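Chains as they are written, first to last, in this note's numbering: chain W, 18 to 272; chain D, 88 to 365.
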Amino acid sequence: MSKLSIDRVSKVFAKKQGEVVVALDDISLEIEDSEFVCFVGPSGCGKTTLLRIIAGLETATSGEVSLMGAPIRGPDPKRGMVFQEYSLFPWRTVKNNITFGLEMRGMPKADQDSAAETYLAMVGLEQFREAYPYELSGGMRQRVAIARALANEPEVLLMDEPFGALDAQTRNAMQRELLEIWEKTQKTILFVTHSVDEAVFLADRIVILSPRPGRICDTIRVDLPRPRERTGPEFANVRRYVLGLMDSCRLPSKI
Amino acid sequence: MRHRTRVQGKGRDNRLMDATRTHLLRNRLLPVVSIAAVAIVWQLVAQFIVQNKNLLPSVTDVLGAFLVLLESGRLASDFSTSLTHFGIGVGAALLLGIPLGMAMGWFRDMDTAANPIIEILRPVPPLAWIPFAIIWFGLTPVAAGFIVFVGAFFPVLVNTYAGFKGVPRLFVEAARVLGCTSPGRLIRHVALPAAMPSIATGIRIGMGVGWMCLVAAEFFVGGRYGLGKQLWVSYSLQQMSNVVVYMLLLGILGLAMDVVFRWYVDGKLLKWRTGEVA
Ligand SMILES: Nc1ncnc2c1ncn2[C@@H]1O[C@H](COP(=O)(O)OP(=O)(O)OP(=O)(O)O)[C@@H](O)[C@H]1O
Ligand SMILES: [Mg+2]
Chain W
18 MSKLSIDRVS KVFAKKQGEV VVALDDISLE IEDSEFVCFV GPSGCGKTTL
68 LRIIAGLETA TSGEVSLMGA PIRGPDPKRG MVFQEYSLFP WRTVKNNITF
118 GLEMRGMPKA DQDSAAETYL AMVGLEQFRE AYPYELSGGM RQRVAIARAL
168 ANEPEVLLMD EPFGALDAQT RNAMQRELLE IWEKTQKTIL FVTHSVDEAV
218 FLADRIVILS PRPGRICDTI RVDLPRPRER TGPEFANVRR YVLGLMDSCR
268 LPSKI
Chain D
88 MRHRTRVQGK GRDNRLMDAT RTHLLRNRLL PVVSIAAVAI VWQLVAQFIV
138 QNKNLLPSVT DVLGAFLVLL ESGRLASDFS TSLTHFGIGV GAALLLGIPL
188 GMAMGWFRDM DTAANPIIEI LRPVPPLAWI PFAIIWFGLT PVAAGFIVFV
238 GAFFPVLVNT YAGFKGVPRL FVEAARVLGC TSPGRLIRHV ALPAAMPSIA
288 TGIRIGMGVG WMCLVAAEFF VGGRYGLGKQ LWVSYSLQQM SNVVVYMLLL
338 GILGLAMDVV FRWYVDGKLL KWRTGEVA
């Protein structure tokens, strides 16, 4: 049985003058336990909307998402999310941002502290544990947001372009970190990105969405062994293949 | 090469320190100079041009009056009486204004229900409540406190409300995804801290308005003591130097409270906002 099942999900937003935007149209996808799935697609094709529905922050207009057979009705710490925008609580220090979910769960203070240290080390921000978000750079803030989501130990991690604001080097390092975490913790990860390079480096499976209305245009299984060599010829092949698919997905004729 | 760099570095440090020093000197010195200038002009005008204590007491007249009042020992009672009125009023404004503002900002039905009443009552000047203050509470400190309350309540309420309305949705969603789901916990852990800057502004404005209501409140409903009361008593006795003493005391006290409040809020409560544009 698959872990996360997206069953014929559509989402229609009503605009002011009776207009409607079909953000997602009939999305169906089965995601296995511990699978790493990347979503790519042009801006506005509904990637964020899909993650929000899975997180329980938005309800689908039709269709259903279920986790281990149980339909999703609202937000739950079992499904962690890293938002596209900076979502750190500015009134909390880095450490207290990371422990927010643990605090809500009523975890003892000492355990919270040790968890915070673990995840601070993981994202390399030990020196900033008492800093406030305004003292951090954009990339550092995003790393804290990732640590905050991970510290809550969700079964499914939803990541909406988490590395979009990072420089290439940090980005590569974070990708390796994330893979390590994923291999260690066996989480199911749904990861939105604009970078084909990133998707090919990370994913077991790449889902290509086409815009207006947002549909699944194609899915590709990436069978390269990890760690993947970005400069290797197989990597380049997969990359070229995905880019080609994305191009044809943009064409209306494909749908 | 390395040596030279160090020398240059040192030179730059010195220049920096010099700049800081002159800057500090200016910031400290200029206010003193301007206050002294006003005092001198005031003294000269009062002493040589107006030449009438009842129209314009001079600086020395006022200082003399202040010393006499200080010796009489009654300033302390006036002071504590005024603070009592103020404390009652502002305390009640916080106790009622903050929870009501929170509820109206967070729950749409509360907003719809309470908003018309608030909007009708808000433009009524606090001093228009004096008759009812007297009828309801008699000539007591509570009556004076009530006037201060009316003045302080609306700024506190309105700013708390605006703060809660303006809580970014992203923060609420981030919290919900992390397991903070009940309205009570969302208010406590997300909305309240996010709205704190706005609430603090409301308290500050409320304190300012309340303080301004104090003089009138004490005139109409106060007992025998209070800075505002004494101001009116001195006026009726044509002791204009004393009037100025009470005016200045009211001004300085109001300023002191504001400074202490701001110091507390910026330094403790809202330290996390240091880097943001206020
Ligand atoms: N709350 C909303 N109300 C109305 N329309 C919305 C809302 N949220 C999203 N949309 C619309 O739905 C479509 C998909 O938006 P979404 O944010 O999911 O795109 P995206 O794929 O995440 O884009 P990007 O890559 O730029 O982040 C867009 O056309 C957008 O205008
Ligand atoms: Mg998006």
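Ideal placement from N, C-alpha and C gives every residue a C-beta, glycine not left out. Note that this is a predicted model, so its numbers are computed, not measured.
Taking 3 residues as the minimum length, the beta strand (DSSP E) runs contained wholly in the region 194-227 of chain W are 205-209 and 222-227, in order along the chain. A Cβ-Cβ contact shorter than 8 Å links residue 261 of chain D with residue 100 of chain W. Closer than 8 Å to the CB of residue 74 of chain W there is at least one CB belonging to chain D.
Relative to ligand 1, even the nearest heavy atom lies 7 Å or more away from the CB of residue 208 of chain W. Annotated as distal: residue 287 of chain D and residue 254 of chain D, with beta-carbon spacing of 8 Å or more.
Residue 129 of chain D and residue 186 of chain D have their alpha carbons spaced roughly 47 Å apart. Non-local C-beta neighbours of residue 187 of chain W in its own chain, meaning closer than 6 Å and more than five positions away in sequence, comprise 156, ordered along the chain. The CB of residue 361 of chain D comes closer than 9 Å to the CB of 149, 151 and 152 in chain W, given here in chain order. Using a CB distance cut-off of 8 Å, residue 253 of chain D does not count as an interface residue toward chain W. For residue 116 of chain W, there is no enclosing beta strand (DSSP E), since its DSSP letter is neither H nor E.
Around residue 90 of chain W, no beta-carbon contact reaches into chain D at under 8 Å, the shortest distance being about 11 Å. For residue 169 of chain W, a Cβ of chain D is located within less than 8 Å of the residue's own Cβ.
Listed along chain W are 100 and 104, each with a C-beta nearer than 7 Å to that of residue 261 of chain D. Of the residues D:310, D:342 and D:353, the one whose Cα lies closest to the Cα of residue 171 of chain D is D:310. At least 8 Å separates the CB of residue 218 of chain D from every CB of chain W. Apart from the 5 residues on each side of it in sequence, residue 155 of chain D has no Cβ closer than 7 Å to any other Cβ in its chain. Of the heavy atoms belonging to ligand 2, none sits nearer than 7 Å to the Cβ of residue 28 of chain W. For residue 266 of chain D, at least one C-beta of chain W is nearer than 8 Å to its own C-beta. Taking a 10 Å sphere around the C-beta of residue 204 of chain D, we find fewer than 16 other C-beta atoms and assign the residue as exposed.
Residue burial annotation: residue 201 of chain W is exposed, with fewer than 16 other C-beta atoms found within 10 angstroms of its C-beta. Within the region 121-194 of chain D, complete alpha helix (DSSP H) segments of at least 4 residues are found at 146-159 and 162-193, given in chain order. Excluding the 5 residues flanking it on each side, residue 283 of chain D has same chain C-beta neighbours closer than 7 Å at 356 and 357, in chain order. Secondary structure note for residue 236 of chain W: its beta strand (DSSP E) is the uninterrupted segment 232-238. In this structure, residue 233 of chain D sits near residue 176 of chain D, with a CB-CB distance shorter than 8 Å. At a cut-off of 7 Å, the beta-carbon of residue 64 of chain W counts as near ligand 1: some heavy atom of the ligand is closer than that.
Chain-ordered listing is empty here: chain D has no CB closer than 8 Å to the CB of residue 80 of chain W, the nearest sitting near 21 Å.
For residue 126 of chain W, the enclosing alpha helix (DSSP H) starts and ends at 126-139. Secondary structure of residue 267 of chain D (DSSP, three-state): coil.
From the beta-carbon of residue 199 of chain W, no residue of chain D is found nearer than 7 Å; the closest lies around 19 Å away. Taking a Cβ-Cβ threshold of 7 Å, none of the residues of chain W is close to residue 224 of chain D; the smallest such distance is about 39 Å. The beta carbon of residue 259 of chain D sits no closer than 7 Å to any heavy atom of ligand 1.
Residue pairing by DSSP places residue 97 of chain W opposite W:174 in a beta bridge. In this chain, the beta strand (DSSP E) harbouring residue 83 of chain W covers 79-84. When the Cα atoms are used, residue 347 of chain D and residue 316 of chain D turn out to be separated by approximately 25 Å.
If you check the C-beta of residue 38 of chain W against ligand 1, you find a heavy atom less than 7 Å away. Note on the region 42-92 of chain W: whole alpha helix (DSSP H) runs with a minimum of 4 residues are 64-72, in chain order.
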